[in-house]
Amino acid sequence: MKLVYLTLLVLATSLQAGDFRAAASQVEITPKNGTPLAGYYHARAVAGMLDPLYAKTIIMEQDGVHAALVVLDVAYTTQALVDAARAAVQKQCGIEGDHVMISATHTHTGPTLPRLNLMDKLTQADSPPGVAYMQSLPDLIAKSVNEAKAKLAPVTPAFAIGDGKGISFNRRVLKEGTTQALWQPKTFDPATMRPAGPVDPEIGVLVFNSNAAASKPVASLLNFAMHPTSVGAGTKVSADFPGVFTKLINERHGPDMVSVFANGCCGNINPNDYFTGTRRNHLQIGALLADATDAAWPNLKPLKTFAPRIASTRVMLNRRSYSEAEIAKAKDIATRMVTKNLGTVTMAEAVCILETISKQNEPLSVEVQAIAFSDDAAIVALPGEIFVELGLALKKQSPFKHTMIAELANGSIGYIPDSRAYPQGNYEVVSARCAQGSGELLVKAVLKLLKELTKK
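And the structure:
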């Protein structure tokens, strides 16, 4: 009898070990007053809070294989932060560092992080409060991962696509008879102007429903491509519309769930309607996204799962080259911009040129990563502010029915336009550290990873 009992126990345990499990957690990472803020080419320090910032984690696990998705309410990630956080997660949580994806929502009312370039001086990211904040994040990220891991339980993931049409706008505009793009035009004449590119209206909705309670969601991953710039350039901390969006989804579908927002390829996408001049605040935009997600909720389709499959690779990109005249001009601008606002585009170009020439002999190596857990769903990480055209191409060519993209993930090299945009110039292009064609190389590398994940 004892032998039979032990045999049944072993069988039950082995069956249970095959369950697909998931959980989520959030840990507050709101900076103290005086911490430098990100988003713009001048110094701002935190002075109060509109709403808290979080490190949010979703963990998936089956057969002992873990994949952790961490999203931070900050403007971007850096390689130094990602390396330190992955090491902390591996040490404190027992999850392999390369099984961890770390991205940023890109809120422009969150803390700035040291990047070891001229921006550190302009924003005071390298000040003691800035460095202290950066150093606090790895352990807070590990805490978020650990809390999620402790709650792992059997779930059934389900996927739907919401319609975000009319919520986002391409912020680059072409004027009739010209080839140079206008950036964030203050006025728009539909008779002579047109958007320089498309938007991605899809809201990816991935919900993890508990197997213990029918349809009770424990977590959701929400994916949409749009700059979080709707709070403005004040000094109060805010997660911007991603914070409102995720809070509303939690309130409407389960107060115990944790909703996580991963920003898609929004390098050239803003919430402002340039065609009508309409501006909406973060509360309005978050509500619009939540309403569109609610409309898609009844369409959630369960996914057939397998143990998480994780793949990543490093891609070598070419840096841009500049003439002696361009370099001399950038140096002159740099000496004046520390004390005077010379205009966003002018300052961005100078910062980019000086950083590029200072690192001309260093490889521009970036990581791309992919996680699959179903024949129909995968999540991709890209290292910068990616133009929407690249995201649309990746989704279209992906071997998975649903591909969610998290930008500013596992480090960031800034703007990554598509090749077509380079001759059009303006802000995003002059800010790009990588040479023309780099974005397409990243898409190609990710598609190769995704193809590999379908074969395992």
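In numbering that gives the first Met the number 0, the protein residues as written are 0 to 455. For every residue, glycine included, the Cβ atom is placed at its ideal position computed from N, Cα and C.
T34 versus D290 - alpha carbon distance: Here residue 34 corresponds to residue number 35 of the sequence shown, with the count starting at 1. Here residue 290 corresponds to residue number 291 of the sequence shown, with the count starting at 1. Distance between the alpha carbons of T34 and D290 is about 34 Å.
Nearest to E250 (by Cα), restricted to the options N269, T277, A218, T275: Here residue 250 refers to the residue found at position 251 of the sequence shown. It is A218.
Backbone secondary structure at I326 - three-state DSSP: For this step, residue 326 is matched to residue 327 along the sequence shown. The answer is helix: DSSP assigns I326 an H, G or I state.
Residue of S357, Q396, V243, L316 minimising C-alpha distance to A329: Along the sequence shown, one-based indexing puts residue 329 at 330. Ranking S357, Q396, V243, L316 by Cα distance to A329 puts S357 first.
Residue burial classification, S13 (beta-carbon count within 10 angstroms, cutoff 16): Counting from one through the sequence shown, the residue named residue 13 turns up at place 14. Legend: pLDDT at S13 = 43, less than 50; position of this residue unreliable, value from coordinates given subsequently. The residue is exposed, with fewer than 16 neighbouring Cβ atoms inside 10 Å.
Simplified DSSP state of D467, which is helix, strand or coil: What is shown of the chain runs 0 to 455, which leaves residue 467 out entirely.
Buried/exposed call for T338, threshold 16 Cβ in 10 Å: Here residue 338 refers to the residue found at position 339 when the sequence shown is read from its first residue. Exposed, since its Cβ has fewer than 16 Cβ neighbours within 10 Å.
Span of the beta strand (DSSP E), counted from its first residue to its last, around E439: Here the question's residue 439 lines up with position 440 in the sequence shown. It is not in any beta strand (DSSP E) - E439 instead sits in the alpha helix (DSSP H) that spans 437-452.
Residue(s) in a DSSP beta bridge with C433: Residue 433 sits at position 434 when you count from the first residue of the sequence shown. R318.
Spatial neighbours of R171 in its chain, beta-carbon cut-off 8 Å, leaving aside the 5 residues before and after: Looking up residue 171 in the sequence shown gives position 172. Within the same chain, R171 has close Cβ partners A180, L181, W182, P194, A195, G196, N267, A420, Q423, N425, E427.
Inter-residue spacing [alpha-carbon to alpha-carbon] between L302 and A377: Working through the sequence shown from its first residue, we reach residue 302 at position 303. Working through the sequence shown from its first residue, we reach residue 377 at position 378. L302 and A377: Cα-Cα distance of roughly 11 Å.
Rounded distance between the beta-carbons of A333 and L353, thought under 8 Å: Residue mapping note: residue 353 aligns to position 354 of the sequence shown, counting from 1. Residue mapping note: residue 333 aligns to position 334 of the sequence shown, counting from 1. Confirmed, Cβ separation roughly 6 Å.
Contacting residues, own chain, Cβ-Cβ under 7 Å from D119 (five flanking each side not counted): Translated into the one-based positions of the sequence shown, residue 119 becomes position 120. If we look at D119 and ignore the five residues flanking it on each side, its Cβ neighbours are P113, D125.
Segment contact flag, the segment 283-299 with the segment 160-175, C-beta cutoff 8 Å, min 3 pairs: yes
Stretch pair the segment 186-193 + the segment 302-315: three plus CB contacts closer than 8 Å: no
Nearest-angstrom Cα separation, counted from L381 out to A84: Position 85 of the sequence shown, counting from 1, holds the residue named residue 84. Position 382 of the sequence shown, counting from 1, holds the residue named residue 381. In a straight line, the C-alpha of A84 is about 17 Å away from that of L381.
3-residue-minimum beta strand (DSSP E) runs that sit fully inside the segment 144-192, ordered along the chain: 152-162, 171-174, 180-182
Completely contained beta strand (DSSP E) runs for the segment 246-332, where each covers 3 or more residues: 257-262, 304-316
One or two residues paired with P110 in a DSSP bridge: One-based indexing of the sequence shown puts residue 110 at position 111. DSSP output for P110 lists L36 as bridge partner(s).
S437, buried or exposed, once every other Cβ within 10 Å from all chains shown has been counted against 16: Translated into positions along the sequence shown, residue 437 becomes position 438. Buried, by the Cβ-count rule.
Outcome for S322 when other beta-carbon atoms lying within 10 angstroms are tallied against a minimum of 16: In the sequence shown, the residue the question calls residue 322 occupies position 323. Exposed, because fewer than 16 other Cβ atoms sit within 10 Å of the Cβ of S322.
A286 to G410 span [Cα, whole Å]: As a working mapping, residue 286 is identified with position 287 in the sequence shown. As a working mapping, residue 410 is identified with position 411 in the sequence shown. Going by the C-alpha atoms only, they are around 30 Å apart.
Assumed close pair D441, V387 - CB separation to whole angstroms, cut-off 8 Å: Walking along the sequence shown from the start, residue 441 turns up at place 442. Walking along the sequence shown from the start, residue 387 turns up at place 388. Contrary to the premise, residue 441 reads as Leu rather than Asp in this sequence. Contact flag wrong, Cβ pair sits at about 14 Å.
Outcome for G383 when other beta-carbon atoms lying within 10 angstroms are tallied against a minimum of 16: Here residue 383 corresponds to residue number 384 of the sequence shown, with the count starting at 1. G383 should be labelled buried.
Close beta carbons around L115, own chain, < 7 Å, minus the five adjacent residues each side: For the purposes of this step, residue 115 is identified with residue 116 of the sequence shown, where counting begins at 1. Within the same chain, L115 has no close Cβ partners at all.
Residues of its chain near H281, where Cβ-Cβ distance is below 6 Å and the 5 sequence neighbours each way are ignored: As a first step, residue 281 is located in the sequence shown; it is residue number 282 there, counting from the start. Cβ within range, chain order: S229, V230, D239, F240, V243.
Between the CA atoms of S135 and E439 - distance to the nearest angstrom: Here residue 439 corresponds to residue number 440 of the sequence shown, with the count starting at 1. Here residue 135 corresponds to residue number 136 of the sequence shown, with the count starting at 1. Using only the alpha carbons, I get a separation of about 35 Å.
Whether F305 touches P153 by CB criterion (8 Å): For the purposes of this step, residue 305 is identified with residue 306 of the sequence shown, where counting begins at 1. For the purposes of this step, residue 153 is identified with residue 154 of the sequence shown, where counting begins at 1. Not a contact, by the Cβ cut-off of 8 Å.
Pairwise C-alpha distance: D375 and K450: As a first step, residue 450 must be located in the sequence shown, where it is residue number 451. As a first step, residue 375 must be located in the sequence shown, where it is residue number 376. Straight-line Cα distance between these residues: approximately 12 Å.
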